[in-house]
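Peer 1: The opening position of the sequence shown corresponds to residue 410 in the numbering used here, with each subsequent residue numbered one higher.
Okay, handing you the structure first.
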Amino acid sequence: MIPLHSDGMIAAVTSSEHPMVAHVQQVLRDHGVTGEVRHLADAAPTAQAAADQLGVEVGAIANSLVFEVDGNPVLVLTSGAHRVDTAKVAALLGVPALTKASASFVREHTGQAIGGVAPVGHPEPIGTLVDITLARHPQVWAAAGHPHTVFPTTYDELLRITAGTAAEVDAG
Numbered sequence: 410m411i412p413l414h415s416d417g418m419i420a421a422v423t424s425s426e427h428p429m430v431a432h433v434q435q436v437l438r439d440h441g442v443t444g445e446v447r448h449l450a451d452a453a454p455t456a457q458a459a460a461d462q463l464g465v466e467v468g469a470i471a472n473s474l475v476f477e478v479d480g481n482p483v484l485v486l487t488s489g490a491h492r493v494d495t496a497k498v499a500a501l502l503g504v505p506a507l508t509k510a511s512a513s514f515v516r517e518h519t520g521q522a523i524g525g526v527a528p529v530g531h532p533e534p535i536g537t538l539v540d541i542t543l544a545r546h547p548q549v550w551a552a553a554g555h556p557h558t559v560f561p562t563t564y565d566e567l568l569r570i571t572a573g574t575a576a577e578v579d580a581g
């Protein structure tokens, strides 16, 4: 339900009240994740913005990037320290190409907006690749369903909760 003011205008929903954040928190609990969702003071639309607010290396941020392959979503959880090599990922998947998904495609397949896409909590399971570079960090941070929310996890936990595949996805 969309919260409305008495004048019929849409009321602002904070990240702590956002239904997707509550859903992601429940999915994390269901998977036995013990890290708590943290609400950031400012939106973190980039890995650097999240790292700055958390006081961690940008490489410890797990970016959730959605790509499209023949109309289907593929989620790549990559270190914030580099870019995804789409040709390399396409070769790993055995497809001719993959394209970065549009905002509407991302929302349709994850239920979440770009900048806050969590690795879990999607309407249907999404095939996921997890960047092996994230294993270098004892703790990594991933979005929790809203651009103002993140949660701490580990590389191994990301693999487990997403049923993801470890992969070298970086362009460097």
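Glycine included, C-beta positions come from ideal geometry on N, C-alpha and C.
1) So, with DSSP's three-state summary, where would you put I570?
2) Which same chain residues end up closer than 6 Å to P532 when comparing Cβ atoms and leaving out the 5 residues on each side of it in sequence?
3) What does a CB cutoff of less than 8 Å around D416 pick up in its chain, not counting 5 residues either side in sequence?
4) Report the CB separation of G489 from A456 in whole angstroms; it is logged as a contact under 8 Å.
5) Find out if the Cβ-Cβ distance for the pair L484, A576 is shorter than 8 Å.
6) Measure from the alpha carbon of A544 to the alpha carbon of each residue in G530, D494, L486, H555, then state which is nearest.
7) So for P428, helix, strand or coil by DSSP?
8) If V475 and A553 are in contact, beta carbons under 8 Å, what's the gap, nearest whole angstrom?
9) Am I right that A580 and H491 are in contact with their C-beta atoms under 8 Å? What's the rounded C-beta distance?
10) Inspect the beta-carbon positions of K497 and V578 and report whether they are closer than 8 Å.
11) What is the DSSP secondary structure of D451, reduced to helix, strand or coil?
12) Can you tell me whether D439 is buried or exposed? The criterion is at least 16 other CB atoms within 10 Å of its CB, across all chains shown.
13) Rounded to whole angstroms, what's the CA-CA distance from L538 to T574? Just pull it up for me.
14) Taking all protein chains shown into account, decide if D540 is buried (16 or more other Cβ within 10 angstroms of its Cβ) or exposed.
15) Out of curiosity, what's the CA-to-CA distance linking D494 and H427?
Peer 2: Once the coordinates are examined:
1) Your numbering for residue 570 matches position 161 in the sequence shown. If DSSP states are grouped into helix, strand and coil, I570 belongs with the helices.
2) Residue 532 sits at position 123 when you count from the first residue of the sequence shown. Take P532, set aside five residues on each side of it, and the residues of its chain with a beta-carbon closer than 6 Å to its own are G520, in chain order.
3) Numbered from 1 along the sequence shown, position 7 holds the residue referred to as residue 416. Below a pLDDT of 50, predicted positions are generally treated as unreliable, and D416, at 41, falls in that range; the measurement from the model is reported next regardless. Here the set comprises nothing.
4) The count along the sequence shown starts at 1 and reaches residue 489 at position 80. The count along the sequence shown starts at 1 and reaches residue 456 at position 47. The pair is a contact, with the Cβ atoms about 2 Å apart (cut-off 8 Å).
5) Translated into the one-based positions of the sequence shown, residue 484 becomes position 75. Translated into the one-based positions of the sequence shown, residue 576 becomes position 167. Judged by their CB atoms, L484 and A576 are not nearer to each other than the 8 Å cut-off.
6) Position 135 of the sequence shown, counted from the start, is the residue given in the question as residue 544. Closest option to A544, Cα to Cα, is L486.
7) If you number the sequence shown from 1, residue 428 lands on position 19. Here DSSP, grouped into helix, strand and coil, assigns P428 to helix.
8) Here residue 475 corresponds to residue number 66 of the sequence shown, with the count starting at 1. Here residue 553 corresponds to residue number 144 of the sequence shown, with the count starting at 1. Not a contact, Cβ separation roughly 16 Å.
9) In the sequence shown, the residue the question calls residue 580 occupies position 171. In the sequence shown, the residue the question calls residue 491 occupies position 82. By a beta-carbon distance limit of 8 Å, A580 contacts H491. Their separation comes to about 6 Å.
10) For the purposes of this step, residue 497 is taken as residue 88 along the sequence shown, with counting starting at 1. For the purposes of this step, residue 578 is taken as residue 169 along the sequence shown, with counting starting at 1. Cβ distance < 8 Å, so K497 and V578 count as in contact.
11) For the purposes of this step, residue 451 is taken as the residue at position 42 of the sequence shown. When secondary structure is reduced to three states using DSSP, D451 falls in the coil class, being assigned neither helix nor strand.
12) Your numbering for residue 439 matches position 30 in the sequence shown. Label assigned to D439: exposed.
13) As a working mapping, residue 538 is identified with position 129 in the sequence shown. As a working mapping, residue 574 is identified with position 165 in the sequence shown. Taking the straight line joining both Cα atoms gives about 5 Å.
14) Indexing the sequence shown from 1 puts residue 540 at position 131. A buried status is given to D540, since no fewer than 16 other beta-carbon atoms sit within 10 Å of its beta-carbon.
15) Translated into positions along the sequence shown, residue 494 becomes position 85. Translated into positions along the sequence shown, residue 427 becomes position 18. When rounded, the distance between both Cα atoms is 33 Å.
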